[in-house]
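Trainee: Please see the structure below; I have some questions.
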Amino acid sequence: MTDDKPGAIADLNRALELAPSDADVRFRAAITYNHFGDVEHTLSSLEKAVSLGTPPAGIRDTPDFDHLRDNYRVRALLAKS
Numbered sequence: 059m060t061d062d063k064p065g066a067i068a069d070l071n072r073a074l075e076l077a078p079s080d081a082d083v084r085f086r087a088a089i090t091y092n093h094f095g096d097v098e099h100t101l102s103s104l105e106k107a108v109s110l111g112t113p114p115a116g117i118r119d120t121p122d123f124d125h126l127r128d129n130y131r132v133r134a135l136l137a138k139s
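What follows is the structure in structure tokens.
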């Protein structure tokens, strides 16, 4: 993470265009959005990642998302494990 938000979002959008149904791409999107403080996109990316097969434990075990643990949407995802 170099804090180059325009570059990171451009790369992310390209990855999402190339692999919109890839769980890992969606999970990495969540990490990227989270890094830049975009909670809504972070949560929607996590929800999509889990729906595509990312284990909810991956959210629990990734420190980047610790500050979101009390969010009802994250709690719902973690309950799926």
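In this note's numbering, the protein residues as written are 59 to 139.
C-beta atoms are modelled at their ideal positions from N, C-alpha and C, and glycine is treated no differently.
As the structure is a computational prediction, the values presented were derived from the model and not from experiment.
May I ask which residues mark the beginning and end of the alpha helix (DSSP H) holding F85?
Mentor: A81 to H93 is the span of the alpha helix (DSSP H), which, as asked, contains F85.
Trainee: Helix, strand or coil for P113 per DSSP?
Mentor: Coil.
Trainee: Suppose you measure from the CA of L136 to the CA of R127; what does that come to, to the nearest Å?
Mentor: When rounded, the distance between both Cα atoms is 9 Å.
Trainee: Which residue comes first and which comes last in the alpha helix (DSSP H) that contains N71?
Mentor: Per DSSP, N71 belongs to the alpha helix (DSSP H) from K63 to L76.
Trainee: Should A134 be labelled buried (16 or more other beta-carbon atoms within 10 Å of its own) or exposed?
Mentor: By the 10 Å Cβ count, A134 comes out exposed.
Trainee: Where P64 and F94 are concerned, what is the direct C-alpha to C-alpha distance, given to the nearest angstrom?
Mentor: Going by the C-alpha atoms only, they are around 11 Å apart.
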